[in-house]
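Heads up: the sequence shown begins at 1 in this note's numbering, then just goes up one per residue.
Notes for the one structure printed next.
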Amino acid sequence: MARVTPAFLDALDGDFDATACMSCGLCTASCPMDVAILPRALFRHAMLGLEDEVMAETDAIYQCLLCRLCEVGCPAGVPIAENVRLLRRHISSTVYRLGI
Ligand code: SF4
Ligand code: SF4
1 MARVTPAFLD
11 ALDGDFDATA
21 CMSCGLCTAS
31 CPMDVAILPR
41 ALFRHAMLGL
51 EDEVMAETDA
61 IYQCLLCRLC
71 EVGCPAGVPI
81 AENVRLLRRH
91 ISSTVYRLGI
C-alpha cells in the first residue's frame, strides 16, 4: 500500500512543479534516453508525496541527461529537467547524506 510522506514535497523546497502536466506523452516521444516514467508517473508520485515510489525509481532519475529536449515540445511548460535536478538533490541529501 502506498505511503504518503507529507514532508516530501517540502523537502523538494517547493520549487518542484508538474501540476500542469496533462499526460500527453510528448516528452517521452522526444527523450533520447526513453525516460518514459519521469513526468507522467514519477512526477505525479512526487506531487502526491509518495516518496517510496519515487525513491524506487532512482535509476530513471539518474538516467536523465538534463538535456531539456522534452521541454521543447511540452505544451504545459513543465520544468522537467529542473524537477529532475531537485529530485537528485533530495536523493543526494537523504540517501548519500551529501549537503548540497
Ligand atoms: S510533454 Fe509536458 S504535459 Fe505532456 S506528459 Fe510530458 S510533462 Fe506532461
Ligand atoms: S531532460 Fe531528461 S527526460 Fe528530458 S529529454 Fe533529456 S534525458 Fe529525456
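Note that the Cβ used here is the ideal one computed from N, Cα and C, for glycine as well.
Check	Outcome
Any heavy atom of ligand 1 inside 7 Å of the beta-carbon of V72?	no
Between A56 and T19, what straight-line distance do the alpha-carbon atoms span, to the nearest angstrom?	21 Å
Please classify V72 as buried or exposed, where buried requires at least 16 other C-beta atoms within 10 Å of its C-beta.	exposed
Near R68, what residues of its chain come up, given a Cβ to Cβ distance below 6 Å and the 5 sequence neighbours on each side ignored?	A81
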